[in-house]
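Undergrad: Numbers in the numbering used here are just positions in the sequence shown, counted from 1, shifted up by 761.
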Amino acid sequence: MTTTEINYKSTDYTCRIVTSNEGESLIIGGLELLDALMPYPITDKCNGFADKEAERVDEEIFYYTSENDLKLPDNELVAILRESNPEWFD
């Protein structure tokens, strides 16, 4: 299990790193991080992000899932990711 810390607004969020079928490292973030980055509803005038830094951090994240899913073994986490992203995980 490989993890990384994403710091946003002086708070560290633990994320997982999984490998795609092409060998690319993908960062999987938790929903707590997503809530911090996007605290506002998405409207015609607002993209939901808290600020420009939040947008930048979001670009690094491949997928968001529950904090419980982030604690799963790699093979179980990848099985969840495969359901929504089959082209990334064979």
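Even for Gly, the Cβ is constructed at its ideal location relative to N, Cα and C.
1. Sorted by chain position, which residues of the same chain lie with C-beta nearer than 8 Å to T780's C-beta, five sequence neighbours on each side aside?
2. Counting pairs of Cβ atoms below 8 Å between the segment 836-850 and the segment 801-818, do you hit three or more?
3. Of the choices K806, K832, G784, K770, whose alpha-carbon is the least far from that of A797?
4. Could you tell me which residues DSSP puts in a beta bridge with V779?
5. Taking 7 Å as the threshold (C-beta atoms), are E828 and G791 in contact?
TA: Reading off the structure:
1. Indexing the sequence shown from 1 puts residue 780 at position 19. Closer than 8 Å at Cβ, skipping near neighbours: S786, L787.
2. no
3. The residue you call residue 797 lines up with position 36 of the sequence shown. Nearest of K806, K832, G784, K770 to A797, Cα basis: K770.
4. Residue mapping note: residue 779 aligns to position 18 of the sequence shown, counting from 1. Paired residue(s): L787.
5. Working through the sequence shown from its first residue, we reach residue 791 at position 30. Working through the sequence shown from its first residue, we reach residue 828 at position 67. Yes, Cβ-Cβ distance for G791 and E828 is below 7 Å.
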